Each structure stands twice: as C-alpha cells, then as structure tokens.
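Visitor:
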Amino acid sequence: MSASPDWRILCALAEVPPGLSHVAWLDDLPVLVVNLDGTIYALEDRCSHEDYELSSGAVDAAAGTIECVLHGAKFDLRSGEALCAPAYEPVRSFPAKVEQDLVWVQVPTA
Ligand code: FES
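Each residue of the sequence shown is one higher than the last, beginning at 1420 in my numbering.
Right, here's the structure in full:
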C-alpha cells in the first residue's frame, strides 16, 4: 500500500523573494526553494551527480534551470530533470504552493 502525499510548511514566502532562492529544511532534508517571478519551485538541495549542494550554483531564471557549481550539470527547476552531463539522474522535486504567506511542499507521508 502506498502512502498518500501530504502538504507541509517549508518556509515563509518572505524568505524567498522573487528572483532569489533559499535553502530550507524538511526534517533532515535540505530543500532548495526558488522563486521565479512569483512561482515557487522546490528541489532537494543535492546534485544527483556527486551529492554536492545545488544551492551553490547559478539559477538561470529565463531558462528555469540551475547549474551545479562543481561540474556544470544543469537541472530543470520545474521537474528536477537532469539536462546535461555529468548528471543523468533527476534531482528529487516537490510540488510547491503558497498559502497564507507560507511555502508548502507536498511530500509522501511516512
Ligand atoms: S556534483 Fe554536480 S555536476 Fe558533479
């Protein structure tokens, strides 16, 4: 039996203004939160190539991507999809929404 997803508060919207990103914690999991023109995206803050923190890399707002600073892999912020070598596996992404000035992410329940 699979668990149904649940919405959890990740951070305050004020912590991630438009055009900026923020790392918040979901229990012991670091989550990169990016605000692209008012739309919030949430990805695990871990490159799928060698587990480096994605939040150190540059966000390309026009393309909706982030580039890992260590070896240059790029990921789609909307889906977590790996877009170029040396990463081939996606980064875990979370559905995100804003309610009551808070950022919420949807995660499977334990
Ligand atoms: S650790 Fe991110 S590209 Fe290598």
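No residue lacks a Cβ here, since even glycine has one placed at the ideal position from N, Cα and C.
Computed from a predicted structure; not experimentally measured.
To the nearest whole angstrom, what separates the beta carbons of Val1526 and Pro1424, a pair I think is in contact under 8 angstroms?
Guide: Right, their Cβ atoms sit about 6 angstroms apart.
Visitor: What does the Cβ neighbour count give for Gly1491, buried or exposed, with the cut at 16 atoms within 10 Å?
Guide: Its Cβ having fewer than 16 others within 10 Å, Gly1491 is exposed.
Visitor: Strictly closer than 5 angstroms from CB to any heavy atom of ligand 1: give me those residues in the order they appear in the chain.
Guide: Taken from the N-terminal end onward, the list reads Cys1466, His1468, Glu1469, Tyr1471, Cys1487, Leu1489, His1490, Ala1492.
Visitor: Can you find the residues in the same chain that come closer than 6 angstroms, C-beta to C-beta, to Pro1505, ignoring five residues on each side of it along the sequence?
Guide: For Pro1505, where only same-chain residues beyond five positions count, the Cβ hits under 6 angstroms are His1468, His1490, Ala1492.
Visitor: For Ala1477, count neighbouring C-beta atoms within 10 Å of its own C-beta (all shown protein chains included) and say buried if the count is 16 or more, exposed if not.
Guide: Classification for Ala1477: exposed.
Visitor: Whose C-alpha, out of Ala1515, Ala1482, Leu1451, is nearest the C-alpha of Tyr1471?
Guide: With distances taken between Cα atoms, Tyr1471 lies closest to Leu1451.
Visitor: In angstroms, rounded to a whole number, what distance separates the CA positions of Asp1446 and Pro1436?
Guide: So the two alpha carbons sit approximately 23 angstroms from each other.
Visitor: Taking the beta strand (DSSP E) that Ser1474 falls in, what are its first and last residues?
Guide: No beta strand (DSSP E) contains Ser1474, which DSSP labels as neither H nor E.
Visitor: Could you compute how far the alpha carbon of Leu1473 sits from the alpha carbon of Asp1479?
Guide: So the two alpha carbons sit approximately 13 angstroms from each other.
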